[in-house]
Amino acid sequence: MKFAFKFSNLIGTVYRKGNLLFTPDGNTVVTPVGNRLSFFDLRNNKSETLPIESRYNFTAVDIAPSGYLFIAINETGEALLCSLVSRTVLHRHHFRKPVACVKFSPNGKYFAVTKDNAVFVYRTPGHTKREYVPFALERVITTAYDETTCIEWSSDSRLLAVGSKDMSVKVLALHRMTNFAMVTLGSHSDVIVNCFFEKDSADLYTLSRNGQLCVWEADCDLVDFVSAQGKKASKEDKLGDEDDLAEGGVTAERDVTAEDNVLPVEIDDEPKLNESKVLFRRTAKHFMKDALKMDGGAVSLVAACYHRGNRLLATGFSTGAFLLHEMPDYNLIHSLSVSEHEIDAAAFNSAGDWLALASSRRGQLVVWEWQSESFALKQQGHANNMACVAYSPDGAYIATGGDDGRVKLWNASDGFCFVTFSEHAAGISGVAFVQSGRAVLSASLDGTVRAFDLQRYRNFKTLAAPRAVQFASLAVDPSGEVVCAGSQDTFEVFVWSLQTGRLLDVLAGHQSCVSGLSFGPGAESVLVSSSWDKTCRIWNLFAEKGGGREALPLAADGLAVQFRPDGQEFAVATLDGAIVFFEPRSSTQVGSIEGRQDLASGRRDMDLITAKRLTRSQAFTTLCYTADGECILAAGRSKFVCIYHVREQLLLKKFEISCNHSLDGIDDFISRRKMTEFGNMALVEEREAAQEAALSLPGVKKGDLSSRSFKPEVRVSGVCFSPTGRSWAAVTTEGVLVYSLDQSLVFDPFELEQNVTPATIRAAAKEKDYARAITTAFRLNEDALTMEVVESVPPESVELVARSLPQVYVEKLLAFLGGRLELTTHVQFYVEWIDSLLRQHGEALKERSGKEMATLRTLLKNVTLRHAELAKVCDHNKYLLR
Numbered sequence: 088m089k090f091a092f093k094f095s096n097l098i099g100t101v102y103r104k105g106n107l108l109f110t111p112d113g114n115t116v117v118t119p120v121g122n123r124l125s126f127f128d129l130r131n132n133k134s135e136t137l138p139i140e141s142r143y144n145f146t147a148v149d150i151a152p153s154g155y156l157f158i159a160i161n162e163t164g165e166a167l168l169c170s171l172v173s174r175t176v177l178h179r180h181h182f183r184k185p186v187a188c189v190k191f192s193p194n195g196k197y198f199a200v201t202k203d204n205a206v207f208v209y210r211t212p213g214h215t216k217r218e219y220v221p222f223a224l225e226r227v228i229t230t231a232y233d234e235t236t237c238i239e240w241s242s243d244s245r246l247l248a249v250g251s252k253d254m255s256v257k258v259l260a261l262h263r264m265t266n267f268a269m270v271t272l273g274s275h276s277d278v279i280v281n282c283f284f285e286k287d288s289a290d291l292y293t294l295s296r297n298g299q300l301c302v303w304e305a306d307c308d309l310v311d312f313v314s315a316q317g318k319k320a321s322k323e324d325k326l327g328d329e330d331d332l333a334e335g336g337v338t339a340e341r342d343v344t345a346e347d348n349v350l351p352v353e354i355d356d357e358p359k360l361n362e363s364k365v366l367f368r369r370t371a372k373h374f375m376k377d378a379l380k381m382d383g384g385a386v387s388l389v390a391a392c393y394h395r396g397n398r399l400l401a402t403g404f405s406t407g408a409f410l411l412h413e414m415p416d417y418n419l420i421h422s423l424s425v426s427e428h429e430i431d432a433a434a435f436n437s438a439g440d441w442l443a444l445a446s447s448r449r450g451q452l453v454v455w456e457w458q459s460e461s462f463a464l465k466q467q468g469h470a471n472n473m474a475c476v477a478y479s480p481d482g483a484y485i486a487t488g489g490d491d492g493r494v495k496l497w498n499a500s501d502g503f504c505f506v507t508f509s510e511h512a513a514g515i516s517g518v519a520f521v522q523s524g525r526a527v528l529s530a531s532l533d534g535t536v537r538a539f540d541l542q543r544y545r546n547f548k549t550l551a552a553p554r555a556v557q558f559a560s561l562a563v564d565p566s567g568e569v570v571c572a573g574s575q576d577t578f579e580v581f582v583w584s585l586q587t588g589r590l591l592d593v594l595a596g597h598q599s600c601v602s603g604l605s606f607g608p609g610a611e612s613v614l615v616s617s618s619w620d621k622t623c624r625i626w627n628l629f630a631e632k633g634g635g636r637e638a639l640p641l642a643a644d645g646l647a648v649q650f651r652p653d654g655q656e657f658a659v660a661t662l663d664g665a666i667v668f669f670e671p672r673s674s675t676q677v678g679s680i681e682g683r684q685d686l687a688s689g690r691r692d693m694d695l696i697t698a699k700r701l702t703r704s705q706a707f708t709t710l711c712y713t714a715d716g717e718c719i720l721a722a723g724r725s726k727f728v729c730i731y732h733v734r735e736q737l738l739l740k741k742f743e744i745s746c747n748h749s750l751d752g753i754d755d756f757i758s759r760r761k762m763t764e765f766g767n768m769a770l771v772e773e774r775e776a777a778q779e780a781a782l783s784l785p786g787v788k789k790g791d792l793s794s795r796s797f798k799p800e801v802r803v804s805g806v807c808f809s810p811t812g813r814s815w816a817a818v819t820t821e822g823v824l825v826y827s828l829d830q831s832l833v834f835d836p837f838e839l840e841q842n843v844t845p846a847t848i849r850a851a852a853k854e855k856d857y858a859r860a861i862t863t864a865f866r867l868n869e870d871a872l873t874m875e876v877v878e879s880v881p882p883e884s885v886e887l888v889a890r891s892l893p894q895v896y897v898e899k900l901l902a903f904l905g906g907r908l909e910l911t912t913h914v915q916f917y918v919e920w921i922d923s924l925l926r927q928h929g930e931a932l933k934e935r936s937g938k939e940m941a942t943l944r945t946l947l948k949n950v951t952l953r954h955a956e957l958a959k960v961c962d963h964n965k966y967l968l969r
């Protein structure tokens, strides 16, 4: 079993907070998802989350016009300068204060950042020449009497418009100009939300939170602005010490460069009358709320974006409605509602045909194609925390259940949700696929088990108990005919027939909540249940009465149970932090793992004891065996996921799922500076502004009507290994984290000898000794070299080479072909390889089908995926054939 698992994708979360933006090519929308960034490729229909993490949630993001660099700033003011080519962090810089907005200039030479009442302009690193200082400060400009909220660059990158909470917009020049000084634009009666320049013009649009839109016209064009070239900066324009910055209205902190004493910085105050020669005139003022159908209540403008080329203005409101206007005539094009909650961010792509809108309250992201009035993308995560996860038998789909009562199905390859079932009236406690993969079942606290058809996407069976109960666990037998659910209030296990929907049996015996159920893979339909009554019971559903049950005592309450894939063993997680292994036939304990210390829980804000003492009460709440059954995956109320070797009873690896300090329970210690005689200062709520306050419900920690100031606790609610053995998923507070096997991280040769080198492998391929070249390449076990050798085989020689391969290399080649089939463009060539190997070695593979099941499932998953892709293209083009 290889353990080079690496984070590959985040599923189930599409938007948290912050701004939206498109990449320069206009095909990919970028959204902040907590302390990570997700990229949704709309052309190729694929989503991806970068393996870049911040210590806190991202709130401001922007991409350079070149498309190679981007800057992401978190809620504490820490900025990450990252490369989109290498997908690595190039530099970190801390602004020490929250940043509301960051924007690159259109020419890519500068980027501006708002902090407090100032604007900081930096030179983009590596734009013209290599510099030692990553963040070279160009200017610091005090612009407002309150916090700045937005920045906009003119088309020629010489003018800046800065909006603030003082209800004014300042227009200023990046460098000194002879005919222009800073201009203040008023006419608003609320906080400025955004401002936009016209294309190749100094004309300006400004928007405030109360829905006012002002149109400003400059009395000259951009080409008429004259730069003061060669003019020396005066004494007060030189950057001196920290006191000089403080006197100018900027925070007195050393801001980024070691050469501060020689860096030219201009601190602008109100312009003198004889300096300002360019004037702005307000030509129109519109009240955008008039276009909305308001049923009462306060409505505020929350987000806005503008496309200069098409002159389109999009505005999002707190009611979930958005307006699309054509400027400067203010012609209404669309007035639609996409959500019941406020739209927090909006963005146009480079062509102006797609409009992205996001809502953080619903975790919703939509991309609206306004010309065809259709959605190019519509994704939404769970409204509350996710509770459970399950892979389909072929590993192609992932099912998740949440506390919001919804069951969602996600495509494991592209990360998109393609169907949502919302029939349940309470939280989901368990999900499971039937063995055929054609249906998914879910158990809920509303007392029902529902079966959903994956062909027609409908609820075709609803299973209920004779009396009202709450189901806490779910299991389906390998044949897909028998469904079992354990209750948490009556302590019984209910057994139904999925085909008829009838209740077959009620298994009694437990004296507390039935926390876990698991079926063995054999035909005997052996069911194992764990309970909080410190017992684990083995049920043989088809045995005679009185002979089909056995109770096994546990040292503590049972929290989860899981059968090994071959059915020869099952594991039980107990409240004392142990994992106990039993052999089902003899009902004897064969091993145990003490894993309490491995969870290493952090200290939460409300905890009154240290993290070390908290570890004594930690336990695993979810278990899953690997595909080969040699190891087991375990997790609980902690930020760690542990992999143990079952036979050796050793911890092999720990995965830290998050380093996001915006979550509770990440830190091992609480700073003594926060501890007072009244308790932890982190629990003290700050008074909210009147327009931001929500309806308060005492004690509520989740839901739409909660305004409590709390941090979600980091935890893992469920883990599941893919049947292919190449990935596993963990349901966490941030979403479903998918970890995939990355062969490039490990060098694992097979029967390595002195003459096994890349040179000898390429020489054998050149001599057309393809069988020897392939076997030698697998002994070196380098994926790039193996792919080169396999693809060098002529198509007419594939069957001959496949026949001459030894059996041990057939298995390795099938596993390699199954993994590459998902990514390669040579689909027919790889399918011919797979077909030849299965035809020539099918009998031998069938004898060892149990050991090779993960490989066969990978083949099935990727062949089905490529078939679906080609079928869609062929079906679309069938009427063009003659």
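What the sequence shown shows, in the working numbering, is residues 88 to 969, in sequence order.
Just so you know, even glycine gets a beta-carbon here, dropped at the ideal spot from N, CA and C.
Fair warning: this is a prediction, and the values are worked out from it, not measured in the lab.
Where residue i falls: helix, strand or coil (DSSP)
i      : result
Tyr102 : coil
Leu971 : As displayed, the chain neither begins before 88 nor continues past 969, which places residue 971 out of reach and without an answer.
Val278 : coil
Arg493 : coil
Asp592 : strand
Gln915 : helix
Ser923 : helix
Val677 : strand
Ala931 : helix
Leu967 : helix
For residue j and residue i, the rounded distance between their alpha carbons
i      : j      : result
Pro111 : Ser437 : 6 Å
His972 : Ser424 : What is shown of the chain runs 88 to 969, which leaves residue 972 out entirely.
Leu720 : Lys741 : 10 Å
Ile169 : Leu137 : The residue asked about is misnamed: residue 169 is Cys in this sequence, not Ile. Near 11 Å, if we compare the C-alpha coordinates of Leu137 and Cys169.
Ala401 : Cys504 : 26 Å
Phe972 : Tyr917 : For the chain, the structure presents residues 88 to 969; residue 972 sits outside this window and is missing.
Met172 : Gly154 : Looking at the sequence provided, one finds Val at residue 172 rather than Met. Their backbone Cα atoms lie some 9 Å apart in a straight line.
Leu947 : Ser523 : 13 Å
Arg690 : Val823 : 23 Å
Leu366 : Thr146 : 35 Å
Met269 : Ala260 : 7 Å
Ser276 : Ala205 : 21 Å
Val116 : Leu442 : 10 Å
Pro881 : Ser479 : 36 Å
Start and end residues, beta strand (DSSP E) containing residue i
i      : result
His748 : Note, His748: premise wrong, no beta strand (DSSP E); not H, not E.
Ile625 : Thr622 to Asn627
Asn949 : Careful: Asn949 lies outside any beta strand (DSSP E), inside the alpha helix (DSSP H) at Met940 to Asn964.
Ile238 : Thr235 to Trp240
Ser616 : Val613 to Ser618
Identity of the residues DSSP links to residue i by a beta bridge
i      : result
Ile744 : Answer by DSSP bridge pairing: none, since Ile744 is not bridged.
Glu800 : Asp751
Ser531 : Ile515
Asn418 : Glu413
Trp441 : Glu456
Contact belief for residue i with residue j at Cβ below 8 Å, rounded distance in angstroms
i      : j      : result
Leu108 : Ile160 : Contact doesn't hold; Cβ gap of about 13 Å is too wide.
Ala474 : Gly534 : With 8 Å as the limit, Ala474 and Gly534 do not qualify as a contact, their Cβ atoms being about 16 Å apart.
For residue i, the first and last residue of its enclosing alpha helix (DSSP H)
i      : result
Thr862 : Tyr857 to Leu867
Lys899 : Gln894 to Arg907
Ala876 : For the record, residue 876 in the displayed sequence is Val; it is not Ala. Residues Asp870 to Glu878.
Arg683 : Arg683 to Leu686
Thr847 : Pro845 to Lys853
Val220 : From DSSP, Val220 is part of no alpha helix (DSSP H); its letter is neither H nor E.
Near the ligand HEM: residue i beta-carbon under 7 Å from a heavy atom
i      : result
Tyr731 : Because no ligand of any kind appears in the structure shown, any question about the ligand HEM cannot be addressed here.
Contact with chain E by residue i, beta-carbon distance below 8 Å
i      : result
Phe578 : The chain inventory of the structure shown lacks chain E, comprising one protein chain alone.
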